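**Q** Once you know that position 203 of the sequence shown is 203 in the UniProt record's numbering, the rest is easy, because the numbers rise by one and skip nothing. There's a structure below that I have some questions on.
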Amino acid sequence: MTSKTRIYKIKRVNESIPKVELPAVLTIAGSDSSGGAGIEADLKTFSAFQVYGMTCIAALTAQNTTGVKSFIKTPQPFVKQILDSVLDDMLYGYPEGEAPLRVIKTGMLTSEAILEIKEHLPRLKQYGIKIVIDPVMISTSGAKLFDDEGMKLCVKDLMQQAFLITPNFPESETLYNLTSANGEKRRSIESLDDFVEYVIELQQQLQCENLLVKGGHIPFDSNLKPILDVEIANGESHVFDVLYESSTGNLSIFDSDYINTPDSHGTGCTLASAIAANLAKGRNLNEAIPISVDYIHRGMLSMGKKLGFGNGPLNHNVPPSRSTSHILESSGEEVREILAKSDSFLEYLINHPKVKDNWKKYTQHPFVKILAENKLPFDKFLYFLKQDYHYLINYAQLHALAASVAPTYQQTHAQATIIGEIVTELERHKAKLCKKFNIDYDRDMDLDIGLNPGKACLEYCNYLLDVGKRENFLGIKVALAPCLHGYHEAGKYGQEIRKQQPVGELGVLDQEQVDTYQSWLDDYTSDWYSNAHNEGKKALQSLADSTNLNTMRLEELVDIFNKVTLLEVNFWNEVLQLE
């Protein structure tokens with residue numbers, strides 16, 4: 001090494017970094033050398049939705065945004081090797097429900113690939129793998145990617161086993177003509193009703209489980225009449241993507257604005273991949289489809305500079321929405337009727353069937369009962385105080401994230417005030433531990449393992465920070481609510497037990513420790529804390545009243561509240577399980 005050599009030491013990654021489980025999706029399709037469609041688009045989409053993507057390349061293409069120049073099929077023996085390798089490692093041999101692979105998505109297929117997929121169909125069905133078929137026939141630039149014989153083979157051998165098929169309108173016409181009795185051509189579509197009936201007929205001919213016909217090639221005007229000349233469609237035109245679910249007979253129509261742009265390369269591949277990714281994460285079709293359509297729209301509208309000289313690609317790097325609640329429009333009337341049955345929004349959350357039993361486990365936790373009976377070993381209480389210090393730091397951070405997304409400056413100011421109060425409480429907490437129990441964080445952090453956040457604390461804090469990064473103001477306030485209101489109820493529960501405690505009964509404690517427990521209970525039943533509980537309840541109610549909620553969003557808020565409630569339960573569980 002010379003005097004100019006520099007050594008840069010990379011810090012060791014904190015072992016507490018959140019762990020994730022990635023469901024896997026296999027795409028069987030052609031490779032697009034331009035990166036906008038095919039395998040490349042699929043993998044980008046899988047990553048955007050945080051699922052693990054695997055590939056079986058059915059063909060290599062030489063193409064760019066102006067068109068497909070040529071393509072070469074992958075030899076059938078090699079397709080077999082690829083499929084066998086992936087499926088043996090990611091599916092076969094796993095216990096039921098534990099295999100990483102959840103969904104297979106197909107795009108551009110060859111006869112060779114179809115024949116090899118067919119060999120695996122019985123075992124794929126046995127493992128409950130969902131197959132999503134995007135019947136890619138013609139590229140955006142007009143190149144034919146699927147020969148008629150290959151398509152007939154796909155219809156005959158694959159489509160009846162598909163969970164979902166996602167043709168665009170021209171592709172659906174080809175499928176209709178291929179599968180109609182006596183070679184009948186499809187009837188003309190002059191209204192939305194005609195379109196719906198057409199989708200149902202096509203599903204019955206294909207015999208797949210679910211069919212989604214995409215309407216981007218057949219926009220409708222404001223009078224719900226199809227626009228025959230797509231080039232004159234504008235932002236006021238509607239796109240109707242029609243889903244028919246054969247098992248239930250349910251029909252869903254997804255209505256969105258038409259985006260008039262030539263830069264739509266890879267939108268079909270990307271939509272099918274997004275749906276497949278969402279299915280792998282456990283979402284149903286009525287969640288997966290609108291989230292995926294929204295992702296396409298975000299990708300198309302966020303391209304600031306065109307790529308290439310032809311039909312440009314969309315932006316696959318745009319963050320997708322995490323739920324339909326921010327996508328689907330709603331009048332809110334149904335939600336208002338639901339909430340009207342409860343005295344307050346907080347009471348609705350607490351008494352929801354998902355939450356009610358867990359709320360009782362939290363607010364009447366054995367930790368509080370044993371503490372009130374003076375039977376909680378004091379070393380366990382000290383561990384709780386040490387962990388609570390870390391939680392309060394996180395609690396302040398989450399209020400800061402709430403301030404950053406607060407709808408009004410008054411709410412931002414309110415959050416800042418709360419943060420100041422938490423910081424004051426942190427300093428008191430730290431001083432009390434040092435003065436009363438000789439616990440010094442700065443001095444003892446490396447010597448006392450309890451001063452470091454434990455597993456329950458880390459899980460709790462990581463979840464709250466995740467909520468803070470992805471949620472709006474209401475979502476964050478709902479995540480903060482169980483701590484504020486639950487401790488008030490737990491304090492009252494403990495005081496009632498305390499009243500029944502025989503005079504002079506110290507349990508396993510000395511008088512100073514008994515007094516510490518009494519002080520802890522007094523804090524959460526004091527006038528100032530009761531006032532904070534009431535003000536928090538009013539603020540949460542005001543937020544709920546001023547937000548246009550739909551039923552899906554309401555369920556999401558319930559799930560957040562319930563998850564935090566369970567994390568509170570786990571926080572105290574860990575204290576009691578301490579050896």
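Ideal Cβ positions, reconstructed from N, Cα and C, are used throughout, including at glycine. These numbers were taken from a predicted model, which means no experiment stands behind them.
Quick one: Cα of residue 76 to Cα of residue 29, how far?
**A** Residue mapping note: residue 76 aligns to position 76 of the sequence shown, counting from 1. Residue mapping note: residue 29 aligns to position 29 of the sequence shown, counting from 1. Rounded to the nearest angstrom, the two C-alpha atoms are 14 angstroms apart.
**Q** What residues in its chain sit with their C-beta under 8 angstroms from that of residue 584, if we drop five residues either side in the sequence?
**A** Shown here, the chain extends from 1 to 579; a query on residue 584 therefore has no answer.
**Q** Which same chain residues end up closer than 6 angstroms to residue 384 when comparing Cβ atoms and leaving out the 5 residues on each side of it in sequence?
**A** The residue given as residue 384 occupies position 384 in the sequence shown. Only 575 meet the Cβ criterion.
**Q** Along the alpha helix (DSSP H) that carries residue 79, what are the first and last residues, could you check?
**A** For the purposes of this step, residue 79 is taken as the residue at position 79 of the sequence shown. 76-90 is the extent of the alpha helix (DSSP H) around residue 79.
**Q** Using a Cβ-Cβ cut-off of 6 angstroms (strictly less than) and excluding sequence neighbours within five positions of residue 498, which residues of its own chain qualify?
**A** The sequence position of residue 498 within the sequence shown is 498, counting from 1. Closer than 6 angstroms at the Cβ level, and outside the excluded window around residue 498, lie 372.
**Q** Do residue 237 and residue 262 have their CB atoms nearer than 8 angstroms?
**A** Sequence index remark: in the sequence shown, residue 237 carries index 237 (1-based). Sequence index remark: in the sequence shown, residue 262 carries index 262 (1-based). For residue 237 and residue 262, no; Cβs fall outside 8 angstroms.
**Q** Which residues mark the beginning and the end of the alpha helix (DSSP H) in which residue 9 is found?
**A** Indexing the sequence shown from 1 puts residue 9 at position 9. For residue 9, there is no enclosing alpha helix (DSSP H), as DSSP gives it neither H nor E.
**Q** Using only CA atoms, which one of 234, 363 and 313 lies nearest to residue 256?
**A** Position 256 of the sequence shown, counting from 1, holds the residue named residue 256. Checked all of 234, 363 and 313; the closest Cα to residue 256 is 234.
**Q** Could you tell me whether the region 1-15 touches the region 240-253, where touching means 3 or more Cβ pairs closer than 8 angstroms?
**A** no
**Q** In the DSSP assignment, find the alpha helix (DSSP H) that holds residue 460 and state where it starts and stops.
**A** By one-based count along the sequence shown, residue 460 stands at place 460. 455-470 is the span of the alpha helix (DSSP H), which, as asked, contains residue 460.
**Q** Taking residue 358 as the reference, which of 55, 560, 12 and 43 has the closest Cα?
**A** What you label residue 358 is simply residue 358 of the sequence shown in a count that begins at 1. It is 560 whose Cα lies nearest to the Cα of residue 358.
**Q** Smallest Cα separation from residue 74: which of 65, 55 and 90?
**A** One-based indexing of the sequence shown puts residue 74 at position 74. When only C-alpha atoms are compared, the closest one is 55.
**Q** Is it true that the region 341-358 meets the region 465-475, where meeting means three or more beta-carbon pairs spaced less than 8 angstroms apart?
**A** no
**Q** What residues in its chain sit with their C-beta under 7 angstroms from that of residue 369, if we drop five residues either side in the sequence?
**A** Taking the sequence shown and counting its residues from 1, one reaches residue 369 at position 369. Within the same chain, residue 369 has close Cβ partners 497.
**Q** Figure out for me which residue from 328, 555 and 305 has the closest Cα to the Cα of residue 314.
**A** For this step, residue 314 is matched to residue 314 along the sequence shown. Comparing Cα positions, the closest option is 305.
**Q** Expressed to the nearest angstrom, what Euclidean distance is found between the alpha-carbon atoms of residue 96 and residue 520?
**A** As a first step, residue 96 is located in the sequence shown; it is residue number 96 there, counting from the start. As a first step, residue 520 is located in the sequence shown; it is residue number 520 there, counting from the start. Roughly 48 angstroms separates the two Cα atoms.
**Q** Beta-carbon separation of residue 158 and residue 133 under 8 angstroms?
**A** Indexing the sequence shown from 1 puts residue 158 at position 158. Indexing the sequence shown from 1 puts residue 133 at position 133. Contact: yes.
**Q** Within 10 angstroms of the Cβ of residue 102, are there 16 or more other Cβ atoms? Answer buried if so, exposed if not.
**A** As a position in the sequence shown, residue 102 is number 102, starting the count at 1. Buried, by the Cβ-count rule.
**Q** For residue 178 versus residue 151, is the C-beta spacing smaller than 8 angstroms?
**A** Translated into positions along the sequence shown, residue 178 becomes position 178. Translated into positions along the sequence shown, residue 151 becomes position 151. Using a Cβ distance threshold of 8 angstroms, residue 178 and residue 151 count as a contacting pair.
**Q** Check the DSSP bridge columns for residue 56 and list the partner residues they point to.
**A** Numbered from 1 along the sequence shown, position 56 holds the residue referred to as residue 56. Beta-bridge pairing links residue 56 to 28.
**Q** Which class does residue 324 belong to by DSSP, given the choice of helix, strand or coil?
**A** One-based indexing of the sequence shown puts residue 324 at position 324. When secondary structure is reduced to three states using DSSP, residue 324 falls in the helix class.
**Q** Counting pairs of beta carbons, one from the region 243-250 and one from the region 265-277, are three or more of them closer than 8 angstroms?
**A** no
**Q** Express the C-alpha separation of residue 120 and residue 61 in angstroms, rounding to a whole number.
**A** Numbered from its first residue, the sequence shown carries residue 61 at position 61. Numbered from its first residue, the sequence shown carries residue 120 at position 120. Residue 61 and residue 120 have their C-alpha atoms spaced approximately 26 angstroms apart.
**Q** So residue 79 packs on residue 37, CB below 8 angstroms; how close in whole Å?
**A** Here residue 79 is taken as the residue at index 79 of the sequence shown, counted from 1. Here residue 37 is taken as the residue at index 37 of the sequence shown, counted from 1. That belief does not hold up - the Cβ atoms of residue 79 and residue 37 are roughly 20 angstroms apart, past 8 angstroms.
**Q** Taking only the alpha-carbon atoms, compute the straight-line gap between residue 19 and residue 198 and give it to the nearest angstrom.
**A** As a working note, residue 19 is residue 19 in the sequence shown. As a working note, residue 198 is residue 198 in the sequence shown. Roughly 46 angstroms between the two C-alpha positions.
**Q** What are the boundary residues of the alpha helix (DSSP H) that includes residue 546?
**A** For the purposes of this step, residue 546 is taken as the residue at position 546 of the sequence shown. Start and end: 527-546.
**Q** Please list the segments of the beta strand (DSSP E) lying wholly inside the region 195-260, counting only runs of 3 or more residues, in order along the chain.
**A** The region 195-260 contains these whole beta strand (DSSP E) runs: 210-213, 238-245 and 250-257.
**Q** Where does the unbroken beta strand (DSSP E) through residue 110 begin, and where does it stop?
**A** In the sequence shown, residue 110 corresponds to position 110, counting from 1. Neither: residue 110 is in no beta strand (DSSP E) and is coded neither H nor E.
**Q** Give the secondary structure of residue 125 by DSSP, where H, G and I count as helix, E and B as strand, and everything else as coil.
**A** In the sequence shown, counting from the first residue as 1, residue 125 sits at position 125. Residue 125: helix per DSSP, three-state reduction.
**Q** Helix, strand or coil for residue 172 per DSSP?
**A** As a working mapping, residue 172 is identified with position 172 in the sequence shown. The answer is helix: DSSP assigns residue 172 an H, G or I state.
**Q** With DSSP as the reference, label residue 473 as helix, strand or coil.
**A** The residue labelled residue 473 in the question sits at position 473 within the sequence shown. Secondary structure at residue 473: helix, using DSSP grouped into helix, strand and coil.
**Q** Tell me which residues share the same chain as residue 517 and place their Cβ nearer than 6 angstroms to its Cβ, disregarding the 5 neighbours each side in the sequence.
**A** As a working note, residue 517 is residue 517 in the sequence shown. Result list for residue 517: 371, in chain order.
**Q** Express the C-alpha separation of residue 169 and residue 215 in angstroms, rounding to a whole number.
**A** Along the sequence shown, read from residue 1 onward, the residue named residue 215 stands at position 215. Along the sequence shown, read from residue 1 onward, the residue named residue 169 stands at position 169. Spanning the two alpha carbons is a distance of roughly 6 angstroms.
**Q** So what does DSSP say about residue 162, is it helix, strand or coil?
**A** Start at 1 with the first residue of the sequence shown, and residue 162 comes out as number 162. Three-state DSSP puts residue 162 in coil, outside helix and strand.
**Q** Quick one: using the 10 Å Cβ neighbour count with 16 as the cut-off for buried, is residue 420 buried or exposed?
**A** Counted from its first residue, the sequence shown places residue 420 at position 420. Exposed.
**Q** Does the beta-carbon distance from residue 316 to residue 45 come in below 8 angstroms?
**A** Walking along the sequence shown from the start, residue 316 turns up at place 316. Walking along the sequence shown from the start, residue 45 turns up at place 45. Contact flag set, yes.
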